[in-house]
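Using our numbering, read the sequence shown as starting at 421 and increasing by one per residue.
Just so it is clear, CB atoms sit at the ideal spot from N, CA and C, and this is done for glycine as well.
The model shown is predicted, which means the values in this text are computed figures rather than measured ones.
Structure record follows, encoded as structure tokens.
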Amino acid sequence: MTTLKNQITEVLKATMRAKEMNKLTVIRSLQAAIKQIEVDERVELDDSRVLAVIEKQIKQRKESIKAFEGANRQDLASKEQAEVEVLSQFLPAAMTEEELDSIIAQTITAQEATSMKDMGKVMNSLRPIIAGRADPAQVSAKIKAKLA
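The structure is reproduced here in structure tokens:
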């Protein structure tokens with residue numbers, strides 16, 4: 421079974437062969453971010469940590485998109501959007517709304533959550549399940565709606 425890091429390396433090699441420079445820059449920055457954490461913490465990142473790095477990179481770019489659109493710089497916003505699409509190829513398949521609603525309902529029941537005070541417990545137990553497959557902000561909003 422190939423790890424996510426190996427998959428990123430293989431895509432990097434294929435991108436280099438195809439001479440897709442914009443895509444190459446994004447993948448190299450992702451590898452650099454992964455390597456930086458490994459060097460700083462002196463550990464080998466597993467797939468879940470690599471996934472967290474990818475999600476962080478995507479989140480940063482989405483924030484940049486909002487800022488660029490607010491400044492009426494559509495050229496820069498579209499460049500960031502293209503980078504998000506490159507990074508998104510490494511994420512697992514997204515959950516459907518039905519799957520997400522079902523998992524949230526099961527977790528609320530399992531955690532015996534009854535009010536907004538239990539929001540943190542529910543969110544913490546869902547975090548590993550939804551990693552890379554659903555937007556945490558969207559999940560949080562759904563949990564709030566059910567607990568309110």
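Are the CB atoms of residue 489 and residue 497 within a distance shorter than 8 Å? By the CB criterion at 8 Å, residue 497 and residue 489 fall inside the cutoff.
What are the boundary residues of the alpha helix (DSSP H) that residue 488 is part of? Note, residue 488: alpha helix (DSSP H), 467–490.
Do the CB positions of residue 562 and residue 524 come within less than 8 Å of each other? Against a cut-off of 8 Å, the Cβ pair of residue 524 and residue 562 comes out as a contact.
So, using beta-carbon positions, are residue 550 and residue 515 closer together than 8 Å? Yes, the pair counts as a contact, with Cβ atoms nearer than the cut-off.
Euclidean distance between Cα positions of residue 556 and residue 518: Residue 556 and residue 518 have their C-alpha atoms some 16 Å from each other.
So which of 533, 548, 544 and 554 has the shortest CA-CA distance to residue 567? With distances taken between CA atoms, residue 567 lies nearest to 533 out of 533, 548, 544 and 554.
Quick check on DSSP: helix, strand or coil for residue 440? Here residue 440 sits in coil by DSSP.
Less than 8 Å between the beta carbons of residue 428 and residue 456, yes or no? Note that the C-beta distance between residue 428 and residue 456 is not below 8 Å.
Cβ of residue 563 within 8 Å of any chain C Cβ: Among the chains of the structure shown, chain C does not appear; only one protein chain is present.
Along the chain, where does the alpha helix (DSSP H) containing residue 516 start, and where does it finish? Per DSSP, residue 516 lies in no alpha helix (DSSP H) and is assigned neither H nor E.
With a CB to CB cut of under 8 Å and the five nearest residues on each side skipped, what residues in its chain are close to residue 432? These residues qualify, in order along the chain: 444, 447, 448 and 451.
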